[in-house]
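Asks: Before I ask anything, here is the structure I am working with.
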Amino acid sequence: MAVEAKNLSYSYGKKKALENLSFKIDDGEFIAVLGPNGAGKTTLLKCLLGLLKAEGELLVLGFDPRKDRRVLERISYVPQRSSLALDLPLTVEKVLSMCDTELDWEILEQLELKDKMKMLFRELSGGYQQRVLIARALMKKPKLLLLDEPFNGVDLLTQEKIVEILEDVNATIIVVLHNINPILHAVDRIMLLNRELIAFGRSNEVFRKENMLKVYKIEIPLIVCEEGFIHPLYGDHHG
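Quick note: the sequence shown uses this note's numbering, first residue 1, plus one each step.
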């Protein structure tokens, strides 16, 4: 079991960010977490990392991350780019070397970064910056990969490349998104979150009118694609 949570809660002062979340994630699952801004998605990732000390029961890769920091050796985390200091004069090679592992040239080739090594990270496009951050996370060979809004400010080509790479990763993956559609066909299950856990399952199980109303407080059109997956057409209705 990769993650086990029971009655997991977290508050910022008197404001509840997560309330009584109970769920299990199996080893090797690819999980997407959806919800509006302020739903607690990033807070959940930080609780899994032990950066925030949530109440309730929590095991991540068999460890309680609030008490045993050894679990961090097995986790890679890609935060939102907007939360990073991206204006430092660091080359791509220097940014990658911060992961304290040898450079994996196969990963760099897959993400088309081999010819970017001497460039300044801050001068790359948003799409290539995201590729660098994901490459750095993958070089750690994590058992659990956490990604927070990896598609923000990223072009369609890079979105497709990221999905292609993630599908081949030998790890449990939890990705926070506001638009599930670029990755919907690749994920195993979807978590609908708005402080509380509204639904957790496959797209055809969670994308129902009543669930979407609970999460987003508005009606979200739902369509079925040719492959039989239900897709929400929520545009930018994410907060």
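Think of the CB as a built atom: it goes at the ideal place given N, C-alpha and C, for glycine as much as any other residue. Just so you know, these numbers come straight off a predicted model, no measurement behind them.
(1) Using only alpha-carbon positions, find the residue among Leu157, Asp168, Glu4 and Gly13 that is nearest to Lys141.
(2) I'd like to know whether the C-beta atoms of Ser11 and Gly56 end up nearer to each other than 8 Å.
(3) So, with DSSP's three-state summary, where would you put Glu29?
(4) Applying the criterion that 16 or more other CB atoms from any shown protein chain within 10 Å of the CB defines a buried residue, is Met191 buried or exposed?
(5) With distance defined between alpha-carbon atoms, name the residue in Phe207, Tyr234, Gly201 and Leu213 nearest to Glu29.
(6) Could you have a look at Phe121 and say whether DSSP puts it in helix, strand or coil?
(7) Would you call the stretch 33-45 in contact with the stretch 173-185, where contact means no fewer than 3 C-beta pairs closer than 8 Å?
(8) Grouping DSSP H, G and I as helix and E and B as strand, with all else coil, what is Ile183?
(9) Sort Lys41, Leu233, Val132 and Gly126 by Cα distance to Val224 and report the nearest one.
(10) Find out if the Cβ-Cβ distance for the pair Met95, Arg131 is shorter than 8 Å.
(11) Quick one: residues in its chain with C-beta nearer than 6 Å to the C-beta of Val3, no 5 flanking neighbours on either side, listed in chain order?
(12) Check this for me: beta carbons of Leu113 and Val92, under 8 Å apart or not?
(13) Roughly how many angstroms lie between the CA atoms of Phe121 and Leu133, to the nearest whole one?
(14) Could you check how far apart the C-beta atoms of Lys143 and Arg189 are, in whole angstroms? I think they sit under 8 Å.
(15) Apart from the five residues just before and just after Ile230, which ones in its own chain have a Cβ nearer than 7 Å to its Cβ?
(16) Is it buried or exposed for Arg69, if we count other Cβ within 10 angstroms and need 16 for buried?
Replies: The relevant details are as follows:
(1) Residue mapping note: residue 141 aligns to position 141 of the sequence shown, counting from 1. Nearest option by C-alpha distance: Asp168.
(2) Numbered from 1 along the sequence shown, position 11 holds the residue referred to as residue 11. Numbered from 1 along the sequence shown, position 56 holds the residue referred to as residue 56. Contact flag unset, no.
(3) Taking the sequence shown and counting its residues from 1, the one referred to as residue 29 is at position 29. Reduced to three states, the DSSP call for Glu29 is coil.
(4) By 1-based counting over the sequence shown, the position of residue 191 is 191. Buried, because 16 or more other Cβ atoms sit within 10 Å of the Cβ of Met191.
(5) In the sequence shown, counting from the first residue as 1, residue 29 sits at position 29. Ranking Phe207, Tyr234, Gly201 and Leu213 by Cα distance to Glu29 puts Gly201 first.
(6) Against the sequence shown, residue 121 aligns to sequence position 121. Reduced to three states, the DSSP call for Phe121 is helix.
(7) yes
(8) As a working mapping, residue 183 is identified with position 183 in the sequence shown. In the structure shown, Ile183 sits in coil (DSSP, three-state: anything other than H, G, I, E or B).
(9) In the sequence shown, the residue the question calls residue 224 occupies position 224. Residue Leu233 is the option with its Cα nearest to Val224.
(10) Locating residue 95 in the sequence shown gives position 95, where the first residue counts as 1. Locating residue 131 in the sequence shown gives position 131, where the first residue counts as 1. Residue identity check: residue 95 is Val in the sequence provided, not Met. Against a cut-off of 8 Å, the Cβ pair of Arg131 and Val95 comes out as no contact.
(11) To locate residue 3, count along the sequence shown from 1; it is residue 3. The residues are Ile25 and Val60.
(12) Taking the first residue of the sequence shown as position 1, residue 113 is located at position 113. Taking the first residue of the sequence shown as position 1, residue 92 is located at position 92. Cβ distance < 8 Å, so Leu113 and Val92 count as in contact.
(13) Taking the sequence shown and counting its residues from 1, the one referred to as residue 121 is at position 121. Taking the sequence shown and counting its residues from 1, the one referred to as residue 133 is at position 133. Distance between the alpha carbons of Phe121 and Leu133: 10 Å.
(14) Within the sequence shown, the letter at position 143 stands for residue 143. Within the sequence shown, the letter at position 189 stands for residue 189. The pair is not a contact, with the Cβ atoms about 18 Å apart (cut-off 8 Å).
(15) Position 230 of the sequence shown, counted from the start, is the residue given in the question as residue 230. Ser203, Asn204, Phe207, Leu222 and Val224, listed in sequence order.
(16) Taking the sequence shown and counting its residues from 1, one reaches residue 69 at position 69. Counting Cβ neighbours within 10 Å, Arg69 comes out exposed, since fewer than 16 surround it.
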